[in-house]
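The structure under discussion appears below in the form of structure tokens.
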Amino acid sequence: MNSLRFAWLIGVLICGPGAAATLANDGPVGARSYKYDFGDPNVGSVDGYRRVGPERVYSEAEGFGFIPSESGDERGARARGAVKDRRLDTFAYDDGGTAFLQDLPDGEYVVSLASGDADYSSETTIKVNGATLLPGTNTQKGQFAVVRGHKVRIRGGQLRIDIGGKGQFCYLEIIPASGAKQASVKESEGATERVQLIQADPVGRSGDAANTSTWICIHPWHFPPNGIWIYPQFPNAMKAGPEEVKYGWALCLQLRDQGSDAPQGYAARVDLIERDESLSPARSRTVFKNRRIPLHLHRVWMSRPGGHHVLEATPTLVAPFQETLKRSNTVVYDLSVRVVDPAGKQVKSHQISFVNRPTYLITQAQLKYRGLDQNGRTKINIGDLTGDGECEFLFGADSNYKAAYDLSGKMLWNDEDPQPIKVYNSMATRVYDIDGDGQCEVVCLRDRKLCILDGDTGEVRKSTDWPLISGRPTGLEARIFFANLTGNGVRDILVQNGYAAHHDVRITALTPDLKVLWERSDFFEDGAVGMHNLNVADIDDDGRDEVAFGTTMLDHDGKLLWRLPYSPLFDKGGGNRDHVDEAEIDDMDGDGKLEIFFASGTLLDALTGKPYFSHLPGINNGQWLRFLKVRDDLPGKQLALSNKWSPPGLFDKTGKQLEWPFPFAGWDIHDWDGDGRTEIMGGGLVVDRRGRVIGAYEPAWTMPQFCDVTGNGRQEAMPWCLDMHRQYLRVFSSAPRPEKRTHKLVVPRRIYNYRD
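Quick note on the numbering used here: the sequence shown kicks off at 9 and runs consecutively.
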């Protein structure tokens, strides 16, 4: 290192954080300590360490930084929130291997570092100035290769660290040997004794499986700021059968935790009013009024959003009531609760209106896994797996475990993947009649292949190599969809690899015989971005489906129809800078032309990409959206959209915000009572368009899905992603199971192509 370069380095070390970190003075000038905590620059570093992200590329001017691999593979950073040592919890990576350079005065230094992943298995190699400290080694979830106090002699003014394999670099410490409090450190040549594989201590509250608060399905991850819900309370021991399920109403109250003992003296004041609307004017009577229920608040942990404590009380408001109230569609009950403090001052209130209709449990089966215990997804897929005309269920945990059940809840078969691959945020498993013989198959990722399993036995019928298993596990957001690409009906398969701007994003179209029709991977040209799922619909009315991925629309043959840049239409919410989270395609106004609605709050003409509007008010991280028929006084459908952690918004086709009329913040749509008019569902409640509760289901599911499971012409409710407290397959209905089906089993596209 020349004298001018050396003088500059000394200057920045003394004067401030313009370049290399100077965090200790353990020796003479020019021999200082450097401590780097690698990861996302927007995530705070550990005290005493400097945060360095993968974008910090080495330059002589700064004297430190990464050297990107020549492979052009994906580079980035992760923060897991899963282990107690925050230095291990975050890392920068380069799938082609990470190299990090630090300019140093010649001399002896002690180096400590770590490589690994808190959430996923990985592989790593460690070299210091060309000498291998750790050859290629596999690490398990939460396991790290750690170098502690390794002595290295610098000649030539530079230290180079190479992390091979997946290139995951968690932290680095460089301490002059003169200041190191280490004994018997060794030269780098041939020294492997200082590398250990350690299992990091888990946080313990890293995810929803550790959430000790009451989990009410008001929509994934959204806990309204008012913190008060009325929800159905089912018995702990439920049995499927012909008898209706007796349930009551419970209160979930959450107050802000002030860091002190739970307050005493809070109470709920409850009213129940009956209104007979068959009379004119309607006649009301008080069932009970101002019933006092003491509230016993206790401190609980909520892992979402952000991890925090709240004060919670969950008393029963009304015990099972079905036999004591009138059962009539014209008799409505208003149940209201007011929460008062010890001085009698009202602090919160909530109300629901319901009619006394029955709920039945059609199916129940205990499952092997709870989804969020697996740090991944679980889902129930549905279809006729046996060819008997009835509905069967396929439970999956991630892409690694599958179990089939009949309508009675009896297990038909199960399967464990012999070569499991950890996929991110998805299941890579679908149920569909891919060959049109009347019996559904299971199309899935298994044994590192795209497989078609026999629905009745689980045996592999056909398989081919999964398109592109490479890159890091979190880059493989593997999903499967079905489409009519060739004009022969919905028989073709679409495989989505990756999402957002991951380097391995690819869409592969295949025939039912697993022959490749086309592939595309150029979704990020001209500023376009991806998303988590595909949307499939015939937007040009030619009898074949088009495919939307992110801000790109493809024709049935994979050719580009239109592509739009992320900015300015999509750059306000709907994911991150590299993706819009979700989209839906539907005919909003009944004119026969399809629109596509993005979670960024952007509505486009699906055929041309021409925008109707974007940047809806209040949308900053849009997540879930639907085309809904909510307002009978307005033409067409409305648009429902919610932010992450925020309540939903309801909009018309012009982008005007409408009042949200429902007593919960989540939604889905289905025909609960079989009258041809869809109801809205969320928080364990089924409501009509007036916001009146007409049915109930267990409220601890995150995203219910719906289908006419029993063949009685009504759509039953089933779980999508099971919550962390229960592990049951349960199907709720507004009527008991008939002795014989009167309607053929039809699984709508929303079910078999839904983002899993």
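Where a beta carbon is used, it is the ideal one built from N, C-alpha and C, also for glycine.
Model, not experiment: these values are computed from the prediction.
**Item:** Proximal residues to L562 (C-beta, below 6 Å), its chain only, five neighbours per side dropped
**Value:** As a first step, residue 562 must be located in the sequence shown, where it is residue number 554. Excluding residues within five positions, the ones whose Cβ falls inside 6 Å are V555.
**Prompt:** Pairing CB atoms from the region 121 to 129 with CB atoms from the region 70 to 78, are three or more of them under 8 Å?
**Reply:** no
**Request:** Please confirm whether L693 and L658 have their CB atoms less than 9 Å apart.
**Result:** In the sequence shown, residue 693 corresponds to position 685, counting from 1. In the sequence shown, residue 658 corresponds to position 650, counting from 1. Going by C-beta atoms, L693 is not nearer than 9 Å to L658.
**Item:** Same chain only: Cβ atoms within 6 Å of R283, ignoring 5 sequence neighbours per side
**Value:** What you label residue 283 is simply residue 275 of the sequence shown in a count that begins at 1. For R283, where only same-chain residues beyond five positions count, the Cβ hits under 6 Å are A290, S292, V340.
**Asked** Terminal residues of the continuous beta strand (DSSP E) containing I759?
**Response** To locate residue 759, count along the sequence shown from 1; it is residue 751. No beta strand (DSSP E) holds I759; the alpha helix (DSSP H) holding it covers 757 to 760.
**Request:** Return the residue from the list W237, W709, R264 that minimises the CA-CA distance to A276.
**Result:** Position 268 of the sequence shown, counted from the start, is the residue given in the question as residue 276. Nearest C-alpha to A276: W237.
**Message:** Output needed for D594: all residues of its chain with C-beta closer than 6 Å, excluding positions within five of it in sequence on either side, in chain order.
**Reply:** Within the sequence shown, numbered from 1, the residue matching residue 594 stands at position 586. Closer than 6 Å at the Cβ level, and outside the excluded window around D594, lie F635.
**Item:** Three CB pairs or more closer than 8 Å across the region 100 to 117 and the region 77 to 89
**Value:** yes
**Request:** Check each candidate in T686, V588, D679 and name the one with the smallest Cα separation from K652.
**Result:** Counted from its first residue, the sequence shown places residue 652 at position 644. Looking only at T686, V588, D679, the smallest Cα-Cα distance to K652 is reached by V588.
**Asked** Mapping DSSP to helix, strand and coil, what is D97?
**Response** The residue you call residue 97 lines up with position 89 of the sequence shown. Note: D97 maps to helix in three-state DSSP.
**Request:** For K159, count neighbouring C-beta atoms within 10 Å of its own C-beta (all shown protein chains included) and say buried if the count is 16 or more, exposed if not.
**Result:** Along the sequence shown, one-based indexing puts residue 159 at 151. Label assigned to K159: buried.
**Counterpart residues of W421 in DSSP-defined beta bridges** = Looking up residue 421 in the sequence shown gives position 413. In the DSSP output, where bridge partners are listed per residue, W421 has A412.
**Asked** Terminal residues of the continuous beta strand (DSSP E) containing A275?
**Response** The sequence position of residue 275 within the sequence shown is 267, counting from 1. 275 to 284 is the extent of the beta strand (DSSP E) around A275.
**Message:** In the DSSP assignment, the beta strand (DSSP E) including D462 goes from what residue to what residue?
**Reply:** As a first step, residue 462 must be located in the sequence shown, where it is residue number 454. Counting along the chain, the beta strand (DSSP E) containing D462 begins and ends at 457 to 462.
**Item:** Inter-stretch contact at 8 Å, needing at least 3 Cβ pairs: the region 565 to 576 / the region 624 to 635
**Value:** No: the two stretches stay apart, fewer than three of their Cβ pairs being nearer than 8 Å.
**Request:** Please name the residue in H678, D613, K567 whose C-alpha comes closest to that of T662.
**Result:** Counting from one through the sequence shown, the residue named residue 662 turns up at place 654. Residue D613 is the option with its Cα nearest to T662.
**Asked** With respect to 8 Å, is the separation between the Cβ of P271 and the closest non-hydrogen atom of the ligand ZN below this value?
**Response** You won't find the ligand ZN in this model; it holds no ligand whatsoever.
**Message:** Looking only at its chain, what residues have a beta carbon closer than 6 Å to the beta carbon of L263, apart from the 5 residues adjacent to it on each side?
**Reply:** Against the sequence shown, residue 263 aligns to sequence position 255. Closer than 6 Å at the Cβ level, and outside the excluded window around L263, lie L319.
**Request:** With distances taken Cα to Cα, identify the nearest neighbour of Q504 among I759, L458, D641.
**Result:** By 1-based counting over the sequence shown, the position of residue 504 is 496. The option with the nearest alpha carbon to Q504 is L458.
**Message:** Whole angstroms are fine: how far does the CA of T718 sit from the CA of R697?
**Reply:** Along the sequence shown, read from residue 1 onward, the residue named residue 697 stands at position 689. Along the sequence shown, read from residue 1 onward, the residue named residue 718 stands at position 710. Each residue's alpha carbon lies about 25 Å from the other.
**Asked** According to DSSP, is E398 helix, strand or coil?
**Response** Translated into the one-based positions of the sequence shown, residue 398 becomes position 390. Here E398 sits in coil by DSSP.
**Prompt:** Mind pulling the beta strand (DSSP E) runs of 3 or more residues that sit fully within the region 287 to 362?
**Reply:** 291 to 302, 306 to 310, 316 to 321, 324 to 326, 339 to 348, 354 to 362
**Message:** My output table needs one value for G506: the three-state DSSP class, helix, strand or coil.
**Reply:** Residue numbering aside, residue 506 sits at position 498 when the sequence shown is read from its first letter. If DSSP states are grouped into helix, strand and coil, G506 belongs with coil.
**Cβ-based neighbour list, E285, same chain, cut-off 8 Å, excluding 5 preceding and 5 following** = For the purposes of this step, residue 285 is taken as the residue at position 277 of the sequence shown. Counting only Cβ-Cβ distances below 8 Å, and skipping sequence neighbours, we find T338, V339, V340.
**Prompt:** DSSP three-state call for E197: helix, strand or coil?
**Reply:** The residue given as residue 197 occupies position 189 in the sequence shown. Low local confidence applies: a pLDDT of 39 at E197 is under 50, so the model's placement there is unreliable, with the coordinate-based value given in what follows. Looking at E197 - three-state DSSP - the assignment turns out to be coil, as it is neither helix nor strand.
**Asked** Along the chain, where does the beta strand (DSSP E) that runs through F635 open and close?
**Response** Position 627 of the sequence shown, counting from 1, holds the residue named residue 635. Unbroken beta strand (DSSP E) run through F635: 630 to 636.
**Request:** Within the same chain, show all residues whose beta-carbon is closer than 6 Å to that of D342, passing over the 5 residues directly before and after it, in chain order.
**Result:** Numbered from its first residue, the sequence shown carries residue 342 at position 334. Hits under 6 Å: I281, S361.
**Asked** Going by C-alpha distance, which of W675, W526, G52, R59 is nearest P655?
**Response** Within the sequence shown, residue 655 is the residue found at index 647, counting from 1. That would be W675, whose Cα lies nearest to the Cα of P655.
**Request:** Taking T367 as the reference, give the member of T494, F242, V211 with the closest Cα.
**Result:** Counted from its first residue, the sequence shown places residue 367 at position 359. When only C-alpha atoms are compared, the closest one is F242.
**Item:** Euclidean distance between Cα positions of I688 and C399
**Value:** Position 680 of the sequence shown, counting from 1, holds the residue named residue 688. Position 391 of the sequence shown, counting from 1, holds the residue named residue 399. Roughly 23 Å separates the two Cα atoms.
**Message:** Using 8 Å for Cβ pairs, my map puts G173 next to T132. What's the rounded Cβ distance?
**Reply:** Start at 1 with the first residue of the sequence shown, and residue 173 comes out as number 165. Start at 1 with the first residue of the sequence shown, and residue 132 comes out as number 124. Right, their Cβ atoms sit about 4 Å apart.
**Item:** Other residues of its chain near L753: CB distance less than 6 Å, five sequence neighbours each side excluded
**Value:** Indexing the sequence shown from 1 puts residue 753 at position 745. Once the five neighbours on either side are set aside, the close Cβ partners of L753 are D392, C399.
**Item:** Three-state secondary structure (DSSP) of G391
**Value:** Counting from 1 along the sequence shown, the entry for residue 391 is found at position 383. If DSSP states are grouped into helix, strand and coil, G391 belongs with the strands.
**Request:** Examine the Cβ distances between the region 177 to 188 and the region 105 to 121 and report whether three or more of them are shorter than 8 Å.
**Result:** Yes: at least three Cβ pairs fall under 8 Å.
**Identified DSSP bridge partners for D406** = Locating residue 406 in the sequence shown gives position 398, where the first residue counts as 1. DSSP output for D406 lists no bridge partner at all.
**Request:** Taking only the alpha-carbon atoms, compute the straight-line gap between K376 and D406 and give it to the nearest angstrom.
**Result:** Counted from its first residue, the sequence shown places residue 376 at position 368. Counted from its first residue, the sequence shown places residue 406 at position 398. Approximately 13 Å between the Cα atoms of the pair.
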